[in-house]
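Since the structure comes first, as structure tokens, the remarks are kept for the end.
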Amino acid sequence: FQIMDPDELDFPFRQWTQFSCLERSGVRHLVDPAQLRRAYLDKLQQFREQLTNGCNRHRISLIPLTTDQSHADALAEWVALRRRTV
1024 FQIMDPDELD
1034 FPFRQWTQFS
1044 CLERSGVRHL
1054 VDPAQLRRAY
1064 LDKLQQFREQ
1074 LTNGCNRHRI
1084 SLIPLTTDQS
1094 HADALAEWVA
1104 LRRRTV
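Using our numbering, count along the sequence shown one by one with no gaps and you end on 1109.
Dropping the structure here:
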């Protein structure tokens, strides 16, 4: 399962925005999203394509979800799919 926030997928930010670094506590970056949007979305698309290709190559199920979707429903669907394919 790959769970992402819808804002990670759409990058809807339009005004200067402060982002907190998830790797280093207390580190924040104030950025102009207009300058980053295209590059960010391109890199994200590349990453997701590489992840999908890698999972397909190794016959790993990749279930993309967003945080506003029901994870319980997605898990139930995946379990049902696995039962049919095993």
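From the three backbone atoms N, C-alpha and C, an ideal C-beta is built for every residue, glycine too.
**Prompt:** Using a Cβ-Cβ cut-off of 8 Å (strictly less than) and excluding sequence neighbours within five positions of THR1090, which residues of its own chain qualify?
**Reply:** Taking the sequence shown and counting its residues from 1, one reaches residue 1090 at position 67. Excluding sequence neighbours, THR1090 sits near ILE1026, MET1027, ASP1028 and PRO1029.
**Request:** For the segment 1077-1089 and the segment 1034-1053, state whether three or more C-beta atom pairs, one from each stretch, are separated by less than 8 Å.
**Result:** no
**Asked** If you draw a straight line from the C-alpha of GLN1058 to the C-alpha of PRO1087, how long is it?
**Response** Position 35 of the sequence shown, counted from the first residue, corresponds to residue 1058. Position 64 of the sequence shown, counted from the first residue, corresponds to residue 1087. Rounded to the nearest angstrom, the two C-alpha atoms are 27 Å apart.
**GLN1068 Cβ short of 6 Å to the ligand FAD heavy atom set** = As presented, the structure is devoid of all ligands, the ligand FAD included, so that no description of it is given.
**Request:** In the DSSP assignment, find the unbroken beta strand (DSSP E) run with GLN1035 in it and report its ends.
**Result:** Residue 1035 sits at position 12 when you count from the first residue of the sequence shown. It is Pro, not Gln, that sits at residue 1035 in the sequence shown. In this chain, PRO1035 is not harboured by any beta strand (DSSP E), its DSSP state being neither H nor E.
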